[in-house]
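With the first letter of the sequence shown counted as 1, position 7 gets the number 6 in numbering that gives the first Met the number 0; the numbers rise by one all the way through.
In what follows, a structure is listed as structure tokens, so that the remarks can point back to it.
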Amino acid sequence: MAFATGGALALWRFTRLRSTGIPVAIRELPAAGDGHGWRHGVLLCSDLDARFYKLRSLRPGADIELHRQRVELTSRRAPTRIEAGIFGSGVRVLVLDAGEAGRIEMAADACADTALVAWLESSPSVRQTRTLPVDIERTFRSQRARGRRR
């Protein structure tokens, strides 16, 4: 029974996620060696975060969550000879500083690379976000009143 449930969950996860997300491979740094630790899956991006789902996982939720305000693309590199055999042609390896998720490498094709960069750049960083006063109406009125006194 448990095997059938696990198989059904794996099949649902594989078919549902594979058709809706960006196909990538991710590994956590530091890696054990050249070509080791890569996990294939899909990346689903939303307004505030991106969730990575391993294709061979039975976990009901995301395996890795990347919070948009805390992710920074630090570098890109070409795959090593061993990695090129795993991924095929046209893949780049992006190195990300992902906040709580740590440093990770993401292998992605040019389209996925562009999508990830666009997702990251379309939201200002926390340092650039301007916060408004809590009581903006009162502040506006006091500045307006000061202008009349002159």
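By construction, the Cβ of each residue, glycine as well, lies at the ideal position given by its N, Cα and C atoms.
Compute the beta-carbon to beta-carbon distance between residue i and residue j, rounded to the nearest angstrom, for a pair I have assumed lies under 8 Å.
i           : j           : result
residue 115 : residue 104 : So it is not a contact: roughly 13 Å between Cβ atoms.
residue 37  : residue 50  : With 8 Å as the limit, residue 37 and residue 50 do not qualify as a contact, their Cβ atoms being about 18 Å apart.
Name the two residues that bound the continuous alpha helix (DSSP H) containing residue i.
i          : result
residue 84 : 80-86
When DSSP labels each residue in this structure, what does residue i get in the three-state scheme?
i           : result
residue 97  : coil
residue 119 : helix
residue 112 : helix
residue 61  : coil
residue 67  : helix
residue 157 : The question about residue 157 has no answer here: the residues shown for the chain are numbered 0 through 149.
In angstroms, rounded to a whole number, what distance separates the CA positions of residue i and residue j?
i          : j          : result
residue 77 : residue 59 : 33 Å
residue 81 : residue 87 : 10 Å
Under DSSP, the beta strand (DSSP E) around residue i begins and ends at which residues?
i          : result
residue 73 : 71-76
residue 22 : 21-27
residue 39 : 38-44
residue 55 : Unbroken run through residue 55: none, as it is neither H nor E.
Is the Cβ-Cβ distance between residue i and residue j less than 7 Å?
i          : j           : result
residue 48 : residue 73  : no
residue 69 : residue 101 : no
residue 21 : residue 42  : yes
Mind checking if residue i is an interface residue toward chain D, Cβ cutoff 7 Å exclusive?
i           : result
residue 100 : Included in the structure is just one protein chain, with no chain D present.
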